[in-house]
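In this note's numbering, the protein residues as written are 731 to 1022.
A virtual CB, placed ideally from N, CA and C, is assigned to each residue, including glycine.
All of these numbers come straight from a predicted model, not from anything done at the bench.
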Ligand code: UDP
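So, in structure tokens, the structure goes:
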């Protein structure tokens, strides 16, 4: 499939997904046994003690298990993987419903540097920040090697298309079996989920922003039986499409990536960070005291 092959509907991808569905043994790699990671509670969210490479290995293991179950006619409920950052911690602190949704995840990883700093304060340091924007590339490399398939949901039609094209150019062996923009109504969700399952996707990337994307996962988990992982990814497609730029590495490491993002999109993000950062800081401090 060439980079320009992405049509607005994903019908053409379904066939290739289905064809390969029968060939579970095409995943010829040493797959680690599924495991559960230790967690540290930060800002009331149990955050996995995990590196990006361990997470990618877990993704492969879970998706292979999901494929085998699917091939045996007993599709599993997908694993749900959410991320924690300042905005998420702030929302989870203020909104019990959002917190309850977050707690349904099989794994929450430290997407923001502030979460890693809080873990250090706590004396239970996380091994590293696993920013979704970086993890996507660990996942894409692993999926290219193992034959796992991506479905890209979310963002505007143009940005979704550009992101898929860019990913395909970066990872020619990666199978993107479907894509769809993120602007739809609740009534559309059943058809969308059927389409995703029919595509044979192993990993569904969901970029609808917080809290929509987390709500989507929990609400539709049952309908998405057969998919291996549901992974939320917020503003990822803007980076993949080249619309947004990552902050310099020193800013990422210092925990100021949010400031860089806010400068790029002040209208949309400045208020978000100004309002959620203080609350996130307080929630993380509270969690630190709670655990000492
Ligand atoms: N979005 C969407 N459907 C919606 C609302 C938002 O697809 O109904 C997309 C939006 O186009 C953007 C992403 O969700 O691509 C949200 O990005 P944001 O930067 O807010 O995510 P973050 O990484 O900061 O959580």
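Asked	Found
Which residue from 935, 846 and 960 puts its Cα closest to that of residue 683?	Absent from the model: residue 683. The displayed extent of the chain is 731 to 1022, so no value can be given.
Could you tell me the alpha carbon to alpha carbon distance between residue 786 and residue 774, rounded to whole angstroms?	25 Å
Residue 888 CB to nearest chain C CB: under 8 Å?	Among the chains of the structure shown, chain C does not appear; only one protein chain is present.
How long is the line joining the alpha carbons of residue 990 and residue 799, rounded to whole angstroms?	43 Å
Give me the Cα-Cα distance between residue 975 and residue 967, rounded to the nearest whole angstrom.	11 Å
State the start and end residues of the unbroken alpha helix (DSSP H) segment that holds residue 816.	816–824
Following a CB-centred definition, is residue 942 positioned closer than 7 Å to any heavy atom of ligand 1?	yes
Residue 937: which of 894, 924 and 956 sits nearest, CA to CA?	894
On a Cα-Cα basis, can you pick out the residue from 865, 772 and 884 that is closest to residue 832?	772
What would DSSP say about residue 778, mapped onto helix, strand or coil?	strand
Any heavy atom of ligand 1 closer than 7 Å to the Cβ of residue 985?	no
Which value, in whole angstroms, describes the spacing of the CA atoms of residue 971 and residue 900?	12 Å
Taking 7 Å as the cut-off, is the C-beta of residue 971 nearer than that to any heavy atom in ligand 1?	no
Count the other CB atoms, across all protein chains shown, that sit within 10 Å of the CB of residue 913; report buried if there are 16 or more and exposed otherwise.	exposed
Considering residue 953, what are the terminal residues of the beta strand (DSSP E) in which it resides?	Note, residue 953: premise wrong, no beta strand (DSSP E); not H, not E.
On a CA-only basis, which of 918, 882 and 837 is nearest residue 905? Give me that one, please.	882
Does the distance from the CB of residue 855 to the CB of residue 957 come in under 8 Å?	no
I'd like to check one pair, residue 859 with residue 830: are the Cβ atoms closer than 8 Å?	no
With the cut-off set at 8 Å, would you say residue 816 and residue 1007 are in Cβ contact?	yes
Could you tell me the boundaries of the beta strand (DSSP E) in which residue 937 lies?	933–937
Flag this pair as yes or no: are the beta carbons of residue 791 and residue 806 separated by less than 8 Å?	no
Just how far apart, CA to CA, sit residue 941 and residue 828?	7 Å
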